[in-house]
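The structure appears below as structure tokens.
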Amino acid sequence: MKAKVIELPRKPVYRRFETNIDFFSIFKILEKTYDTCYLLESLGEENYDSRYSVMGFQPDALYRSVNGKLFIDTQEYECENPYYELRRIFPQDVLSRNYAGGLVGNISYDAMTLFEPTLSINKLEDFGQFELGLYTDGLVLDKMTGEIYYFHFVNDRMKEIQKLVHETDLTSIATKTEVKNLGHSRTKEEHRKMVEQAIEEIKAGNTFQCQIGFRM
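The numbers in the working numbering rise by one with no breaks, and the one at position 151 of the sequence shown is 1110.
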């Protein structure tokens, strides 16, 4: 069974989101309420590149690639290449000068085989090649003006979010963070050999720079 092509309006709807609490507090409320959500922002000096922060919550669907197979939520769909199948599924004619959602998630190191099948890369059993949520609504913070906007394509959940924000007691949300040291995936000697091998590749003219990466 082939996955259906997604149809969306060409332009999203944007509206002011009125609230007295800060953007990160809104995220804490959404993170507590929904199983899946994200917060994206650019830090650094205040300029155009770091002007906006965005968040999304409870995606319309979850797209995963496991061993070259495409799953949408829990249903498997036929395709030759899960990554290129996304290009067929999603509309290419959406018009928006501002952030308007889309696919947000992670693409693993192993996904390189979807772009370049000649590569031989060991697969990690605990992770898929990618896991991406489809977000067709969300919140955008303009840090220059302090205004927050809600956008959506089809499903309007603004009242739902307003109700959550206005009725949730922030003091009831746990703020303690626990960090666990997982150690290193390579020993000092293994790292030294990797660096020496990279140096030889540079001397041979095969590359001019190299990133030594560790996998947990």
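Heads up, the beta-carbon is just placed ideally off N, CA and C, and yes, glycines get one too.
Per DSSP, I988 is one residue of the alpha helix (DSSP H) stretching across 982-992. A1163 counts as exposed, since fewer than 16 other C-beta atoms from the protein chains shown sit within 10 angstroms of its C-beta. Going by C-alpha positions, T1166 is about 18 Å away from M1071. When rounded, the separation of the alpha-carbon atoms in G1092 and R1145 is 32 Å. With contact defined as three or more Cβ pairs closer than 8 Å, the segment 986-998 and the segment 1121-1133 are in contact. Annotation: the continuous beta strand (DSSP E) that includes Q1034 extends over 1034-1036.
Leaving aside the five residues that flank K961 on each side, the residues in its chain whose CB is nearer than 7 Å to its CB run, in chain order, Y1036, E1037. Distances from the alpha-carbon of Y1022 to those of T995, I1171, S1009, E1119 put T995 closest.
Between the alpha carbons of G1060 and E1159 lies a gap of roughly 44 Å.
Partner residues in the beta bridge of H1111, as assigned by DSSP, are V972, D1096. Per the C-alpha coordinates, the member of Y1058, E1005, P1076, V964 positioned closest to N1040 is P1076. Only exposed fits V972, as fewer than 16 other CB atoms lie within 10 angstroms of its CB.
A Cβ-Cβ distance of about 5 Å is found for the pair S1024 and G1087, placing them in contact under the 8 Å criterion. In the three-state reduction of the DSSP assignment, K1118 falls in the helix class. Cβ neighbours of R1116 within its own chain (closer than 7 Å, five residues either side excluded): D1096. Per DSSP, R1023 is one residue of the beta strand (DSSP E) stretching across 1020-1025.
I1048 sits close to K963, with the two beta carbons spaced by under 9 Å. Spanning the alpha carbons of I1120 and G1015 requires a straight line of approximately 11 Å. Around the C-beta of E1044, 16 or more other C-beta atoms lie within 10 Å, and the residue is accordingly described as buried.
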